[in-house]
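Heads up, the sequence shown is in the working numbering, so the first residue is 5 and it goes up one at a time.
In this text, a Cβ means the ideal position worked out from N, Cα and C, and glycines have one as well.
Quantities reported herein were computed from a predicted structural model and do not represent experimental measurements.
Reading through the structure tokens given below for one structure.
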Amino acid sequence: MSRVLYVPSTNLMGRGCLEDVAPFIEELGFQRALVVTDKFLNKSGIVQRVLDQLDKANVEYIVYDEVKPNPTINNVQTGVSVFKEHSCDFIVSVGGGSPQDAAKGIGLVVTNGGNVRDFEGVGKTKHKSVPIVAVNTTAGTSAEYTINYVITDEERKVKMVMVDKNSLVTISVNDPALMINKPADLTAATGMDALTHAIEAIVTPGAFPVTDATALAAVEIIFNYLPRAVRDGKDLEAREQMVYVMFLGGVAFNNAGLGYVHAMAHQLGGVYDLPHGVCNAMLLPIVERENARRDPSKFRAIAKAAGINVADKTNEQCANKVIEAIQQLSKEVGIPSKLSEIGVDNVDIDKLAEFAMKDACAPGNPFQPTKAEVISMFNEIL
Ligand SMILES: [Fe+2]
5 MSRVLYVPST NLMGRGCLED VAPFIEELGF QRALVVTDKF LNKSGIVQRV LDQLDKANVE
65 YIVYDEVKPN PTINNVQTGV SVFKEHSCDF IVSVGGGSPQ DAAKGIGLVV TNGGNVRDFE
125 GVGKTKHKSV PIVAVNTTAG TSAEYTINYV ITDEERKVKM VMVDKNSLVT ISVNDPALMI
185 NKPADLTAAT GMDALTHAIE AIVTPGAFPV TDATALAAVE IIFNYLPRAV RDGKDLEARE
245 QMVYVMFLGG VAFNNAGLGY VHAMAHQLGG VYDLPHGVCN AMLLPIVERE NARRDPSKFR
305 AIAKAAGINV ADKTNEQCAN KVIEAIQQLS KEVGIPSKLS EIGVDNVDID KLAEFAMKDA
365 CAPGNPFQPT KAEVISMFNE IL
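This is the structure in structure tokens:
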């Protein structure tokens, strides 16, 4: 069986690497960038630091900062209009998962035409996106490494998941110095998203030795450094380690796949506009307990990576310890365990379950739950 590994062709990471990106951009040979970001980052001065690099690379630019926290179809289509209106020839995305996802949608609509709504699902486009230089500012989503992106359809209240190799960016930039001012709750949520990526990528049948190796390395670093990064946002060493996690986890899930934690979390995010990482963190121990009940064999390696002593333990005991460790880590970094704690009640679980079963991540899960089983998993976080 052949395995394919998708990774951007050039990846800059480590402290201060943003300052080194100009020659890489100049080498691409483009003239005018559409800078895709959000208003907050634009005001914060981070976008200006990227624009300084574009100046150094002798590139013109126009800033489009309308991207919402869960980017919408309208965000993408408006971005396409701005791109065309200003005769841009490539994209520079600046931000966390939202600007990165919006940029992928914009890049693909520019080269394929139509509306991003038509790209929902797997491999729906014919042409590669215009080149994207992705400057990431949040440690966790790995959006800058992956062939996935998520766009919200506000009319249908659905998060559309796209899996498309044509969306792969050309250059990724992960400078932990851009992340030091991120608030603790965002650091916690994106860190738990990264842990979910790694664990789902390990238990999925799509895993293979390369993805196992990177995902297990990511698990080890997250358990060691996420609490530090949350406790002290200015801890540059912890921030830098979380940057490496993104690459390691990104390589893993981009190429192995995800599972039911993401399939269910996407629905909560879409309907209630909740942070993706928080939804994942709440669902991760619940879905993995069900996965482990059917096949605990992969949890021995996860336990070891999480720093758990596995000697004299059965695979089942290792799985139980992993689930406890996830819950403990979530608690330590301040993630709620119930939806009611973040003001969500009157949940239409039937609808959520129906949509979760159709989510692009669902087939990657090691077992396929019935609708009743999905409902009972959702019930646990009410
Ligand atoms: Fe995720």
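- With at least 16 other beta carbons inside 10 angstroms of its own, Met166 counts as buried.
- For Ala147, the closest C-alpha among the options Val177, Glu345, Glu89, Glu204 is that of Val177.
- Under the DSSP assignment, Asn152 falls outside any alpha helix (DSSP H), being part of the beta strand (DSSP E) whose first and last residues are 152-157.
- With fewer than 16 other Cβ atoms inside 10 Å of its own Cβ, Arg235 counts as exposed.
- The continuous alpha helix (DSSP H) containing Gly111 extends over residues 101-116.
- Under the Cβ criterion (8 Å, minimum of three pairs), the segment 37-46 counts as touching the segment 93-103.
- Under the DSSP definition of a beta bridge, Arg36 partners with Glu64.
- At a threshold of 7 Å, Asp363 does not count as near ligand 1, since its beta carbon sits no closer than that to any of the ligand's heavy atoms.
- The DSSP assignment places no complete run of the beta strand (DSSP E) inside the segment 206-233 (cut-off: 3 residues).
- DSSP places Lys163 in no alpha helix (DSSP H) but in the uninterrupted beta strand (DSSP E) bounded by 162-167.
- Where Met286 is concerned, the enclosing alpha helix (DSSP H) starts and stops at 280-298.
- With a threshold of 7 Å, the Cβ atom of Asp197 counts as near ligand 1, since some heavy atom of the ligand is closer than that.
- In this structure Ala205 touches Phe257 by the C-beta definition: roughly 4 Å separates them, less than 8 Å.
- In this structure, the alpha-carbon of Ser91 lies about 48 Å from that of Pro289.
- DSSP, reduced to helix, strand and coil, places Glu358 within a helical segment of the structure shown.
- Burial check for His280: the Cβ neighbour count within 10 Å reaches 16 or more, so the residue is buried.
- Between the alpha carbons of Met196 and Arg297 lies a gap of roughly 22 Å.
- 8 Å or more divides the Cβ of Ile339 from the Cβ of Arg293.
- Residue state for Ala202 is assigned as helix, using DSSP reduced to three classes.
- For Asn259, the distance from the CB to the nearest heavy atom of ligand 1 is not below 7 Å.
- According to DSSP, residue pairing for Phe257 in a beta bridge does not occur.
- Distances taken from the Cβ of Asn369 to the heavy atoms of ligand 1 include none shorter than 7 Å.
- Where Thr14 is concerned, the enclosing beta strand (DSSP E) starts and stops at 14-17.
- A direct Cα-Cα distance of roughly 48 Å separates Phe34 from Phe382.
- For Asn140, the enclosing beta strand (DSSP E) stretches over residues 136-140.
- Taking C-beta separations shorter than 6 Å and ignoring five residues to either side along the sequence, the partners of Asn15 in its chain run Ser176, following chain order.
- Taking a contact as a CB-CB distance under 8 Å, the pair Ala198 and Val249 counts as one, their CB atoms being some 5 Å apart.
- In this structure, the alpha-carbon of Ser171 lies about 18 Å from that of Val71.
- Between Ala217 and Gly253, the gap from beta carbon to beta carbon reaches 8 Å or more.
- For Val282, the closest C-alpha among the options Thr145, Arg232, Glu224 is that of Thr145.
- For Asn119, no beta strand (DSSP E) segment is defined, and its DSSP state is neither H nor E.
- Inclusion of Ser133 and Thr115 in the CB contact set at 8 Å is warranted, their separation being smaller than that value.
- In its chain, beyond the 5 residues on either side, Asn116 have a beta carbon closer than 7 Å to the beta carbon of Lys130.
- Below 8 Å, enough C-beta pairs join the segment 267-280 and the segment 358-378 to call them touching: three or more.
- Spatial neighbours of Pro12 in its own chain (CB-CB distance under 8 Å, excluding positions within 5 residues in sequence) are listed in chain order as Ala138, Glu148, Tyr149, Leu172, Val173, Thr174, Ile175, Ser176.
- Counting along the chain, Ser380 sits inside the alpha helix (DSSP H) bounded by residues 375-383.
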